[in-house]
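All letters in the sequence shown, in the order written, are residues 411 to 741 by the numbering used here.
Built from N, CA and C at the ideal position, the CB exists for glycine as well.
For reference, the structure discussed in these notes is given below.
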Amino acid sequence: MSLVAGVWGFKTLAVGVEFGLFTRLAGGRTVTLAEAAAEFGLDERPADLLLSASASLGLLDKVGDGYRNSALAEQFLVEGQPYYFGAQVRYSDLRTYLPWHRVGEALRGNRPLTWDPQQQDSLFDTADPELIAQFWDAMFATSRFTARALADAYDFGAHRRLLDVGGGAGAFPIEFCHRLPQLRATILDLPHVCVRAEERIAEAGLTGRIDAVAGDFLADPALPDGHDVILLSMILHDWDEPTNRALLARCHAALPPGGVVVVCELLLNDERTGPPEAALMGMNMLVETEGGKNYSGAEYAAWLADAGFVDVRTVPFEAPGANGAVLARRP
């Protein structure tokens, strides 16, 4: 029954974000049922159900006759907060929720449901500017907090120049460079993504320390050199094994001796029986990609060794976008 009701919890969260409920309650504001009904233009019955359900999920706290944001909602669901996660909620609700209703079709046809491979080169290629903005804002929201967890688990302080392959709007370099004054970074991504990255970099006050370089890490013959650490965060689950092996080989070629590659992902266990967040993300890759799936740490370790890397190890942590990083060194 918990699995059956999982969608109820998601849609309660999603409609709260859609209504701007948590942003309106920012800063400790408290509303009664009657005040919430009037503010959102609802009858008292649906307002009561929304507030009660949100409280049951830990998103609101009940104080006397009023409701206010929980600490969780205040940190992650108020627009403008550093780790605002509402963009991820909205993207999932608008982009992937309805296609997931046809997941049987994806299983039978082995093809994505959120885009048409006959019309687009990839899920990242679309003429819809609003959808592009939603996607990269969603990825930034997930990646910013994941970057913090990775930085706690692995010390990037020994590195001087980071290459973030497929780095999107720059969440990882922004987080790392705020922590480490000696670090400089390069984001490699598609031209339209670099425009968004440059905006985020400027907002973070890191122009000059983080560069956005336009390129295609799948098609370009080589990755930019001059970096002593390469990050592949939530990249390899988008592609099949041959594509990933080829990309790891290009990482090996681009790194100097002693350089490190970091594969940050939701890792399956070696038996491929869990954890659920990794296995279910794999199902989402069926809905969203042509060849992607989630892989185990052992699979990544084997590919890295075959590419010529040594000292392969896995660093576990907990974050919304990853549960660990597989690290390896070029000898």
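Exposed or buried, which one is Leu544 when buried takes at least 16 other CB atoms within 10 Å?
Within the sequence shown, residue 544 is the residue found at index 134, counting from 1. Position check: residue 544 holds Gln in this sequence, whereas Leu was assumed. So Gln544 counts as buried.
For the beta strand (DSSP E) containing Gly476, list its first residue and its last residue.
In the sequence shown, counting from the first residue as 1, residue 476 sits at position 66. Its beta strand (DSSP E) spans residues Gly476 to Asn479.
Quick one: what does DSSP say Ala629 is sitting in, helix, strand or coil?
Mapped onto the sequence shown, residue 629 falls at position 219. Correct three-state label for Ala629: coil.
For the pair the segment 701 to 720 and the segment 661 to 679, tell me if three or more CB-CB distances fall below 8 Å.
yes
Rounded to whole angstroms, what is the Cα-Cα separation between Ser480 and Glu515?
Here residue 480 corresponds to residue number 70 of the sequence shown, with the count starting at 1. Here residue 515 corresponds to residue number 105 of the sequence shown, with the count starting at 1. Distance between the alpha carbons of Ser480 and Glu515 is about 39 Å.
Segment limits, alpha helix (DSSP H) that includes Ile611:
On the sequence shown, residue 611 is found 201 positions in, with the first residue counted as 1. That run of the alpha helix (DSSP H) goes Pro601 to Glu613.
Name the residue from Gly468, Ala735 and Gly734 whose alpha carbon lies nearest to the alpha carbon of Gln485.
Taking the sequence shown and counting its residues from 1, one reaches residue 485 at position 75. Looking at the Cα atoms, Gly468 is the closest of the given residues.
Where Leu714 sits in the DSSP three-state scheme:
Within the sequence shown, residue 714 is the residue found at index 304, counting from 1. In this structure, Leu714 counts as helix in the three-state DSSP scheme.
Determine contact between the segment 451 to 467 and the segment 420 to 432, defined as no fewer than three beta-carbon pairs at a distance below 8 Å.
yes
Determine whether the beta carbon atoms of Val639 and Leu598 lie at a separation below 7 Å.
For the purposes of this step, residue 639 is identified with residue 229 of the sequence shown, where counting begins at 1. For the purposes of this step, residue 598 is identified with residue 188 of the sequence shown, where counting begins at 1. Against a cut-off of 7 Å, the Cβ pair of Leu598 and Val639 comes out as no contact.
Arg570 - containing alpha helix (DSSP H), residue span
What you label residue 570 is simply residue 160 of the sequence shown in a count that begins at 1. Neither: Arg570 is in no alpha helix (DSSP H) and is coded neither H nor E.
Tell me which residues share the same chain as Ala663 and place their Cβ nearer than 8 Å to its Cβ, disregarding the 5 neighbours each side in the sequence.
As a first step, residue 663 is located in the sequence shown; it is residue number 253 there, counting from the start. Excluding sequence neighbours, Ala663 sits near Ala632 and Leu633.
Using only alpha-carbon positions, find the residue among Phe420, Glu489 and Leu413 that is nearest to Leu435.
Your numbering for residue 435 matches position 25 in the sequence shown. Comparing Cα positions, the closest option is Glu489.
Own chain residues within Cβ distance below 7 Å of Pro583, not counting five before or after:
For the purposes of this step, residue 583 is taken as the residue at position 173 of the sequence shown. The answer, listed in chain order, is Leu572, Asp574, Gly577, Ala595, Ile597 and Ile620.
Please determine, among Leu714, Leu737, Ala717 and Pro527, the residue with the shortest C-alpha to C-alpha distance to Arg723.
In the sequence shown, residue 723 corresponds to position 313, counting from 1. If we check each option's Cα against that of Arg723, Leu737 comes out closest.
Measuring straight from C-alpha to C-alpha, what distance separates Arg518 and Gly438?
Residue 518 sits at position 108 when you count from the first residue of the sequence shown. Residue 438 sits at position 28 when you count from the first residue of the sequence shown. Each residue's Cα considered, the two are about 49 Å apart.
Inspect the beta-carbon positions of Thr552 and Pro730 and report whether they are closer than 7 Å.
Working through the sequence shown from its first residue, we reach residue 552 at position 142. Working through the sequence shown from its first residue, we reach residue 730 at position 320. Result yes, Cβ atoms of Thr552 and Pro730 sit closer than 7 Å.
Sequence-distant residues of its chain with Cβ nearer than 8 Å to Tyr494 (five each side left out)
Residue mapping note: residue 494 aligns to position 84 of the sequence shown, counting from 1. Excluding sequence neighbours, Tyr494 sits near Phe486, Leu487, Val488 and Ala551.
Return the chain-ordered list of same chain residues with a C-beta closer than 7 Å to the C-beta of Gly636, the five sequence neighbours on each side being excluded.
Taking the first residue of the sequence shown as position 1, residue 636 is located at position 226. If we look at Gly636 and ignore the five residues flanking it on each side, its Cβ neighbours are Arg571.
Distance, Cα to Cα, Phe432 vs Lys421?
Position 22 of the sequence shown holds residue 432. Position 11 of the sequence shown holds residue 421. Near 15 Å, if we compare the C-alpha coordinates of Lys421 and Phe432.
With a 10 Å radius around its C-beta and 16 neighbouring C-beta atoms as the bar for buried, classify Glu613 as buried or exposed.
The sequence position of residue 613 within the sequence shown is 203, counting from 1. Glu613 is exposed by the Cβ-count criterion.
Would Ala808 pass as a contact of Ala656 if the rule is Cβ separation under 7 Å?
A query on residue 808 cannot be resolved here, the shown segment of the chain reaching from 411 to 741 and no further.
Would you give the residue range spanned by the alpha helix (DSSP H) that Gly416 belongs to?
Sequence index remark: in the sequence shown, residue 416 carries index 6 (1-based). Gly416 to Phe429 is the span of the alpha helix (DSSP H), which, as asked, contains Gly416.
With a threshold of 7 Å on Cβ separation, who are the neighbours of Pro450 within its own chain once the five nearest residues in sequence on each side are excluded?
Counting from 1 along the sequence shown, the entry for residue 450 is found at position 40. Looking at the sequence itself, residue 450 is Phe, so the reference to Pro does not match. Closer than 7 Å at the Cβ level, and outside the excluded window around Phe450, lie Phe429 and Ala457.
Buried or exposed: which applies to Met411, given that a residue is buried once 16 or more other Cβ atoms fall within 10 Å of its Cβ?
The residue you call residue 411 lines up with position 1 of the sequence shown. With fewer than 16 Cβ atoms within 10 Å of its Cβ, Met411 is classed as exposed.
Any idea which residues DSSP pairs Thr596 with across the strands?
Your numbering for residue 596 matches position 186 in the sequence shown. The partner list for Thr596 (beta bridge, DSSP) reads Leu573 and Asp621.
Could you work out which residue in Asp626, Asp526, Arg589 and Pro591 is closest to Leu600 when comparing CA atoms only?
Position 190 of the sequence shown, counted from the start, is the residue given in the question as residue 600. Ranking the options by Cα distance to Leu600, first place goes to Asp626.
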